[in-house]
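In what follows, a single structure is set out as structure tokens and then discussed.
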Amino acid sequence: MNLTHPIVNIDMRTDIFQSKIPFELESGEALPELELAYTTYGQLNSSQDNVIWVVHALTGDSRVGDWWSGMVGEDQFYDPADYFIICVNLPGSCYGSTNPLSSNPKTGKNYYYDFPLLTTRDMANALELIRQSLGINQIHTLLGGSLGGQVALEWAYILEDRLQNLVILASTAKSSPWVIGFNETQRMAIESDCTWGEEIADAGKKGLETARAIAMMSYRHPWDFAKKQESPSGTLDNFRSSSYLRYQGQKLANRFTAFSYWILSKAMDSHDLGRGRNGYQEALQKIKARTLAVGVDTDLLFLPEESVEIAKHIPKASYREIKSTAGHDAFLIEFEQLRYILQSFYVSHGSKN
Numbered sequence: 001m002n003l004t005h006p007i008v009n010i011d012m013r014t015d016i017f018q019s020k021i022p023f024e025l026e027s028g029e030a031l032p033e034l035e036l037a038y039t040t041y042g043q044l045n046s047s048q049d050n051v052i053w054v055v056h057a058l059t060g061d062s063r064v065g066d067w068w069s070g071m072v073g074e075d076q077f078y079d080p081a082d083y084f085i086i087c088v089n090l091p092g093s094c095y096g097s098t099n100p101l102s103s104n105p106k107t108g109k110n111y112y113y114d115f116p117l118l119t120t121r122d123m124a125n126a127l128e129l130i131r132q133s134l135g136i137n138q139i140h141t142l143l144g145g146s147l148g149g150q151v152a153l154e155w156a157y158i159l160e161d162r163l164q165n166l167v168i169l170a171s172t173a174k175s176s177p178w179v180i181g182f183n184e185t186q187r188m189a190i191e192s193d194c195t196w197g198e199e200i201a202d203a204g205k206k207g208l209e210t211a212r213a214i215a216m217m218s219y220r221h222p223w224d225f226a227k228k229q230e231s232p233s234g235t236l237d238n239f240r241s242s243s244y245l246r247y248q249g250q251k252l253a254n255r256f257t258a259f260s261y262w263i264l265s266k267a268m269d270s271h272d273l274g275r276g277r278n279g280y281q282e283a284l285q286k287i288k289a290r291t292l293a294v295g296v297d298t299d300l301l302f303l304p305e306e307s308v309e310i311a312k313h314i315p316k317a318s319y320r321e322i323k324s325t326a327g328h329d330a331f332l333i334e335f336e337q338l339r340y341i342l343q344s345f346y347v348s349h350g351s352k353n
């Protein structure tokens, strides 16, 4: 894709970035080849200053207009009529990018359990590769939530003056033992599946269902369950919350793989913006973009205090909070609040076209 000949309409387009050069990883290992699926909406303007780059969360994909339709799309806050919007499927994910079910060029067989450890810094470096390949010199706004926010922070550090605005949603500069603990219980659920260890695409599928159910307990808040999952008085079995969690587990297992879940959750665990940089506080101070850190008052996974900490150390940063009973997932749900927060952020800096 050559951005000197921009897309001529606002229709969605999905492409594959391919690199035959070994992709070096923090672990010291390398992926012999790298493929990244990415989706774009809209067109690059003549001054090339309208790029909106979104980084998806744990089980998201590059089709940001589908899973964030309240923010991206025609007549939405980020409208393809005004912006060139791009989202890349992170390496390790099973939606078109190199992942454990990909073929290893060295062996001709799928990686499966031999797929190397990825970190959020590796993921940011992958995004940097595709940025350079596409010839994008300036990014108007980089946004990411949860895992996507971690990757966005890593990339913002690398981008320096090439990034104008940074929006971090319900995320953190360093994964806490609490987050790592939740992720480990989910991987333990996958390990308990008797098919885990087999070299088949569906290995660990039932375990993934349980892992997703555990995750949902951290993505929501008790108030949200009380409001939406309360069973009728007198119920003795088959409670609404039970069926809800089973449904969510089955829903994810039917569209995702335990292999990708394992790799991406490990990447989340690895996140420490300050690794090799004298601590995350000093690393945050070197981010040059105007930054908005958004927390959720009921987030039990990435506590709002962690978003406050991001805003505290980035020189040109502010903090805002979403009020919601939905917990961590509020940044994917509370569009009206988020639009208001973002509009205020841009107006205060005079930076929204």
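If you read the sequence shown in full-length UniProt numbering, its first letter stands for residue 1, the second for the next number, and so on. Ideal placement from N, C-alpha and C gives every residue a C-beta, glycine not left out.
Contacting residues, own chain, Cβ-Cβ under 7 angstroms from residue i (five flanking each side not counted)
i: Q343; result: none
i: residue 354; result: The displayed coordinates of the chain run from 1 to 353. Any statement about residue 354 would go beyond what the structure contains.
Cβ of residue i within 8 angstroms of any chain C Cβ
i: F302; result: Looking for chain C here will not work: only one protein chain is present.
Rounded C-alpha distance that separates residue i from residue j
i: T195; j: Q285; result: 46 angstroms
i: G329; j: Y244; result: What sits at residue 329 in the sequence shown is Asp, not Gly. Each residue's Cα considered, the two are about 16 angstroms apart.
i: S19; j: D237; result: 53 angstroms
i: Q164; j: A289; result: 5 angstroms
i: G149; j: L169; result: 6 angstroms
i: L3; j: Y247; result: Because L3 sits at a pLDDT of 34, beneath the cut-off of 50, its placement in the model cannot be relied upon, and the following sentence gives the value as read from the coordinates. Approximately 42 angstroms, taken between the alpha carbons.
i: N278; j: G92; result: 28 angstroms
i: V179; j: L90; result: 20 angstroms
i: I333; j: L147; result: 17 angstroms
i: S175; j: M268; result: 7 angstroms
i: M12; j: V64; result: 10 angstroms
i: E336; j: A201; result: 39 angstroms
i: Y346; j: A311; result: 16 angstroms
i: D122; j: Y111; result: 18 angstroms
i: I7; j: T98; result: In this prediction, I7 scores a pLDDT of 35, lower than 50, which makes its location untrustworthy; no coordinate-derived value is stated.
i: T120; j: A226; result: 35 angstroms
i: F331; j: D49; result: 25 angstroms
i: Q138; j: E198; result: 45 angstroms
i: L142; j: W262; result: 26 angstroms
i: R212; j: Y95; result: 18 angstroms
i: K251; j: I314; result: 38 angstroms
i: H140; j: D79; result: 14 angstroms
N-terminal and C-terminal residue of the alpha helix (DSSP H) that residue i is part of
i: Y41; result: Unbroken run through Y41 is the beta strand (DSSP E), 34-41; no alpha helix (DSSP H).
i: T120; result: 120-134
i: D269; result: 258-270
i: I190; result: 177-191
i: Q285; result: 280-285
Contact set for residue i: own chain, Cβ-Cβ below 8 angstroms, skip 5 residues either direction
i: E128; result: W155, I158, L159
i: A126; result: F23, L34, L36, V88, L90, P91
i: D297; result: P304, E321, I322, K323, S324
i: D161; result: K288
i: P116; result: L25, S27, E29, A30, L31
Buried versus exposed call for residue i [16 or more other C-beta atoms within 10 Å across all chains shown]
i: I16; result: exposed
i: S270; result: buried
i: R255; result: exposed
i: Y113; result: exposed
i: I21; result: exposed
i: S348; result: exposed
i: M216; result: buried
i: G295; result: buried
i: W223; result: exposed
i: G249; result: buried
Span of the beta strand (DSSP E) around residue i
i: V72; result: Element bounds for V72: n/a, residue is neither H nor E.
i: N165; result: 163-169
i: A317; result: 317-322
i: H221; result: Neither: H221 is in no beta strand (DSSP E) and is coded neither H nor E.
i: W53; result: 51-55
i: I310; result: Counting along the chain, I310 falls outside any beta strand (DSSP E), though it belongs to the alpha helix (DSSP H) covering 304-313.
Cβ-based neighbour list, residue i, same chain, cut-off 6 angstroms, excluding 5 preceding and 5 following
i: V55; result: G144, G148, V151, A152
i: Q229; result: R240, S241, Y244
i: G60; result: W67
i: A253; result: K205, L208, E209
Handout entry: Inter-stretch contact (C-beta, 8 angstroms, three-pair minimum) for the stretch 91-103 and the stretch 66-83
Key = no
Handout entry: Stretch pair the stretch 84-91 + the stretch 28-46: three plus CB contacts closer than 8 angstroms
Key = yes
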